[in-house]
Structure formats: structure tokens, C-alpha cells
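Q: Counting in the numbering used here, the sequence shown tops out at residue 174, every number present. Can you keep this structure in mind? I'll have questions shortly.
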Amino acid sequence: MILENGATLNVRTYAFGAINPNVLYTVHGAQGKQWKLAQTTVKSGSPYQVVFDGILNNANNTLDSIA
């Protein structure tokens with residue numbers, strides 16, 4: 108993950124049928140020019156969606172190797 112100044116990345120889960128997300132991870136602003144590893148664990152007994160929400164504000168936001 109590489110973020111520039113002004114960029115924000117949110118990772119959220121939505122349980123099917125739910126209105127409000129569960130925020131798993133948020134990072135804002137410049138993180139340097141090296142790739143950063145970020146991991147989180149999702150514990151759920153029911154189906155859900157994972158949403159990557161990038162807010163750029165004229166900046167770059169890059170994700171790679173999402174598994």
C-alpha cells in the first residue's frame with residue numbers, strides 16, 4: 108500500500124442486510140515511498156462484503172496483493 112498526502116484508505120465489512128459498516132482499518136496521509144503491509148482479521152459467522160474505500164483528494168492511492 109502506498110498513500111500520498113491527502114489520501115485516505117478505509118477497509119470496511121458490511122454484513123449482508125446491514126446498513127452500517129464495521130471499520131477494520133483506516134490510514135490517512137503520506138506513508139512513504141515503500142510498500143507497507145497491512146493485515147486484519149475478519150471474524151464472522153455470516154456472509155459479508157469487504158469494501159476498500161479510497162479518498163484521494165488529488166493524491167495517489169495504490170493497493171496490491173489483496174487476498
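Ideal placement from N, C-alpha and C gives every residue a C-beta, glycine not left out.
Starting from N129, trace the beta strand (DSSP E) both ways and give me its first and last residue.
A: N129 to H135 is the span of the beta strand (DSSP E), which, as asked, contains N129.
Q: Using three-state DSSP, classify G124 as helix, strand or coil.
A: Coil.
Q: Quick one: Cα of A122 to Cα of A137, how far?
A: The alpha-carbon atoms of A122 and A137 are separated by roughly 31 Å.
Q: Under the rule that 16 or more other beta-carbon atoms within 10 Å means buried, what is L116, buried or exposed?
A: Answer is buried; the Cβ neighbour count reaches 16.
Q: For the beta strand (DSSP E) that contains G161, what are its first and last residues?
A: Unbroken beta strand (DSSP E) run through G161: Y155 to I162.
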